Amino acid sequence: MIPILARTRSGLAAARATLRPPVVLVPTMGALHGGHRALLGSARQIAGRNGSVVVSVFVNPLQFGAGEDLDRYPRTLRADVAICADEGVSVVFAPGHEQMYPAEQMVTVRPGSMGDILEGAFRPGFFDGVLTVVLKLFNLVTPDAAVFGEKDAQQLALVRRMVTDLNLAVQIASVPTVREPDGLAISSRNSYLSPPERVSALALSRALRAGQAALAGGPAVVLAAAQEELGPAGRADPPLATDYLALADPDTFADVPAGYAGTALLLVAATVGKTRLIDNARLCFEAAP
Ligand code: PAF
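Numbering of the sequence shown is given in this note's numbering, commencing with residue 989 and proceeding in unit increments.
This is the structure:
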């Protein structure tokens, strides 16, 4: 199927009017890869035989801070449309900046305290930018459902929270992180890595696996096991500089206490060279007998 490519809001509205429900949106910043293909596959399944998948491709300046990679973020629309054609997408919405932000964005979505910790602490304003553009996309596409990746766990939790707190009529689905055979989580930013940086970056997924293997010891032991991988990586050449390693409640992103029982997310963010990467794993702590 060749998708309709809509570059304007009016083009999207015209295309949207032809779509059969349910309409499932996959919001992306483009540079589509295997991780996005998994989102598209899930969207296709939710849409079913009769429904429609819409993909948005927009590198949202509102979620990039000063000195971040807005200018060098990969832009590959032609290849993205080819992948969408392959995955049975009906409409690709790839608006220009003036379509999404025709005037200064005065009113934005504030994520609250959950948006100020972890990713939010290292990237101030990031989640305001994400939630604002996601809400705008929801209003433009009016999807029945939207699909997000679990790699961006805090983003996913905040989108779910926005949907609940603002009474949005969109069902949110999530898809597990897709990994390279060596464990590296697939990300558009992996394309920035030189071969030696890529080797250093593998410590992220190694740390998560070490944490998972130490599950029976409880939260402190899990964090220590993960840190044992990140410590040497910080002294490697090139070094992997850890921003944070945390074991968090998946709904609030607050640190889990000692003796915690239930699901937690082991979250890690680190920079190698000029590339910042994030990853996470879901762990389930059993109650002490
Ligand atoms: O995860 C992303 O690619 C972006 O944060 C999103 C959800 C498309 C908003 O720009």
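Quick reminder that beta carbons are idealized off the backbone N, C-alpha and C, glycines included. Please read these numbers as outputs of a predicted model, since none were measured by experiment.
DSSP three-state assignment for residue i, whether helix, strand or coil
| i | result |
| --- | --- |
| N1178 | helix |
| V1095 | coil |
| S998 | helix |
| G1103 | helix |
| L993 | strand |
| R1186 | helix |
| D1225 | coil |
| R1197 | helix |
| L1203 | helix |
| L1007 | coil |
| P1049 | helix |
Residue i, enclosing alpha helix (DSSP H) - first and last residue
| i | result |
| --- | --- |
| L1218 | P1207 to G1222 |
| A1035 | G1022 to A1035 |
| L1065 | L1065 to D1074 |
| Q1087 | H1085 to M1088 |
beta-carbon residue i near the ligand PAF non-hydrogen atom, thresh 7 angstroms
| i | result |
| --- | --- |
| T1263 | no |
| N1268 | no |
| T1064 | no |
| V1122 | yes |
| Q1093 | no |
| V1097 | no |
| M1017 | yes |
| S1140 | Note on identity: in this sequence residue 1140 is Asp, with Ser being the wrong assignment. Because some heavy atom of the ligand PAF lies under 7 angstroms away, the Cβ of D1140 counts as near it: yes. |
| N1178 | no |
| V1077 | no |
| N1048 | yes |
| Q1051 | yes |
| Q1087 | no |
| V1303 | Since the first and last residues shown for the chain are 989 and 1277, residue 1303 lies out of range. |
| Q1200 | no |
| Q1159 | no |
| Q1033 | no |
| Q1215 | no |
Beta-bridge pairing of residue i - partner residues as DSSP gives them
| i | result |
| --- | --- |
| G1250 | F1273 |
| D1267 | V1256 |
| Y1232 | A1257 |
| A1191 | A1191 is not bridged to any residue. |
| V1080 | L993 and V1043 |
| A1173 | R1167 |
| D1057 | The partner list for D1057 (beta bridge, DSSP) is empty, contrary to what the question assumes. |
| D1243 | A1236 |
Start and end residues, beta strand (DSSP E) containing residue i
| i | result |
| --- | --- |
| S1162 | Q1159 to V1163 |
| V1041 | S1040 to V1045 |
| L1013 | V1011 to T1016 |
Cutoff 8 angstroms: residue i Cβ touching any chain D Cβ
| i | result |
| --- | --- |
| A1257 | The structure shown has no chain D; it contains just one protein chain. |
(Q) To test your reading of the DSSP string, which unbroken beta strand (DSSP E) runs of 3 or more residues are found completely within the stretch 1108-1169? (A) Segments of the beta strand (DSSP E) lying fully in the stretch 1108-1169: 1133-1137 and 1159-1163.
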